[in-house]
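Enquirer:
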Amino acid sequence: MNRNDIIEILSLSGPDSITALYAKANALKISAIGNKVYLRGLIEFSNICCKNCYYCGIRRDNQAVNRYELNDKEILTAVDFAWKNGYGSVVLQSGEQQSAHFTGRITRLLHEIKAYTGNEIGITLSCGEQTAATYKEWFQAGAHRYLLRIETSDKELYYRLHPNDEKHSFDARLSAIRQLRIEGYQVGTGVMIGLPFQTIEHLADDLLFFQSMDIDMAGMGPYLEHSQTPLYQYRHLLPSPKKRLELSLKMVAALRLLMPDINIAATTALQVLHPAGREMAVFAGANIIMPNMTLPEFRPDYLIYEHKPGVSDDAALSKSKLEQNLYCAGITIGYGEWGDSQHFMCV
Ligand code: SAH
């Protein structure tokens, strides 16, 4: 597929042609990597962040946020739940911190989780930009996948979404993604979809960027406005929620057609726009879901966007709701497996 083909896909408007696109992408997924969906228990272990991204609800300057950091026991309780319930993997996600205290703590936790589960649980990290030495240390301690979204692959758009300073350098973020590959991780990146100032051409270029970076995993979701962020002032420029959902699903389908054997997440943000948004993404080519394992008392404080679903649920309820929905939709779960990216395994 070339750029024009992708633009054409993303511009499809007839319901029949869109349905056919999703079906084609889903069929290609099944023939390339099978029809199972893998679960990653998501543990949002800290919302402390040194970044000031214009779109994000937990940005440094949002004083309304109650900052927290889970202690080791709380994190291990969440891991235990994921492990005992047959989730093959967990994702440890947080705001960005680079102190030696923070990075050392993650290293220690990784060793602890691996020892506790007898290396049965796979660990994905999503803790932002770090030095090469930190990425190496975490990999050696047992993390084997890493998610670091580029947010947009267009440098100009990037700087409309982030302050233009050293802490938010587009080039540094790009280098960090490249470094993760060097350290041996399965590398995941992604973008937000339906941002103010974003065009179909930007999104087509995002997909080509993923291909050129030869990524193993992708997590893309709709942009959702947050009233306590600077980007909120541009909300009149946003596509309708319905359009953002449709565009997100088309992005999933187009990426599946472009990269048949990678892991693609059906992200939680989709669920904000439609209760079955994640299931719809699975039928458009996604194969990963990240149910929330964060303890209920911390969930209201990890609102990267507003109206996040399941804020008052606990892990057991998030799990039973999701599994019930997947079951009803006829989706098979890969219990107890890491569900690694076959793209990575085939290299
Ligand atoms: N600090 C980590 C994790 C950040 S939160 C990192 O830098 O990778 C994970 C993702 O949430 C971000 O990468 C971003 O794409 C997404 N996100 C943040 N604010 C959002 C919003 N308002 N709408 C939709 N997605 C958002």
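Residue numbers (my numbering): 104 to 450. Even glycine gets a Cβ: it sits at the ideal position worked out from N, Cα and C. Nothing here was measured: the structure is a model prediction, and the numbers come from that model.
Please classify Pro344: does DSSP put it in a helix, a strand, or coil?
Expert: Pro344 falls in the helix class under three-state DSSP.
Enquirer: Applying the criterion that 16 or more other CB atoms from any shown protein chain within 10 Å of the CB defines a buried residue, is Asp108 buried or exposed?
Expert: Exposed, by the Cβ-count rule.
Enquirer: Report the residue from Ile436, Ser444, Val355 whose alpha carbon sits nearest the alpha carbon of Thr122.
Expert: Minimum Cα distance to Thr122 is reached at Val355.
Enquirer: In the DSSP assignment, the beta strand (DSSP E) including Gly322 goes from what residue to what residue?
Expert: Segment 320–325, the beta strand (DSSP E) holding Gly322.
Enquirer: Where does Ile110 fall in DSSP's three states?
Expert: Note: Ile110 maps to helix in three-state DSSP.
Enquirer: Do Thr396 and Val193 have their CB atoms nearer than 8 Å?
Expert: Just to set this straight, residue 396 is Met in the shown sequence, not Thr. In this structure, Val193 lies closer than 8 Å to Met396 by Cβ.
Enquirer: Where are the alpha helix (DSSP H) runs, 4 residues long or more, that stay fully inside the segment 260–290, in chain order?
Expert: Segments of the alpha helix (DSSP H) lying fully in the segment 260–290: 273–286.
Enquirer: Quick one: does the C-beta of Ser256 sit closer than 7 Å to a heavy atom of the ligand SAH?
Expert: Result no, Cβ not under 7 Å from the ligand SAH.
Enquirer: By DSSP, does Thr435 sit in helix, in strand, or in coil?
Expert: Reduced to three states, the DSSP call for Thr435 is strand.
Enquirer: Give me the Cα-Cα distance between Gly437 and Pro378, rounded to the nearest whole angstrom.
Expert: When rounded, the distance between both Cα atoms is 22 Å.
Enquirer: Can you tell me which of the three DSSP states Thr292 falls into?
Expert: Here Thr292 sits in strand by DSSP.
Enquirer: Assign Ile452 to buried or exposed, taking buried as 16 or more other Cβ atoms, counted over all protein chains shown, within 10 Å of its Cβ.
Expert: Outside the displayed span of the chain (104 to 450) sits residue 452, for which this structure offers no information.
Enquirer: Which ranges would you report for the alpha helix (DSSP H) in the segment 197–239 if only whole runs of at least 4 residues count?
Expert: Listed in chain order, they are 203–219.
Enquirer: For Gly429, tell me which candidate among Val375, Tyr141, Pro325 has the shortest Cα-Cα distance.
Expert: The amino acid at residue 429 is misidentified as Gly; the sequence shows Leu. Among Val375, Tyr141, Pro325, the Cα nearest to that of Leu429 is on Tyr141.
Enquirer: From Cys431, His271, Gly439, pick the residue whose C-alpha is nearest to that of Tyr190; which is it?
Expert: If we check each option's Cα against that of Tyr190, Gly439 comes out closest.
Enquirer: Any heavy atom of the ligand SAH within a distance shorter than 7 Å of the CB on Met295?
Expert: Met295: yes, Cβ under 7 Å from the ligand SAH.
Enquirer: Residue range of the alpha helix (DSSP H) that Lys187 falls in?
Expert: 175–187 is the span of the alpha helix (DSSP H), which, as asked, contains Lys187.
Enquirer: Run through the DSSP bridge pairs and tell me what Glu254 is partnered with.
Expert: Per DSSP, Val294.
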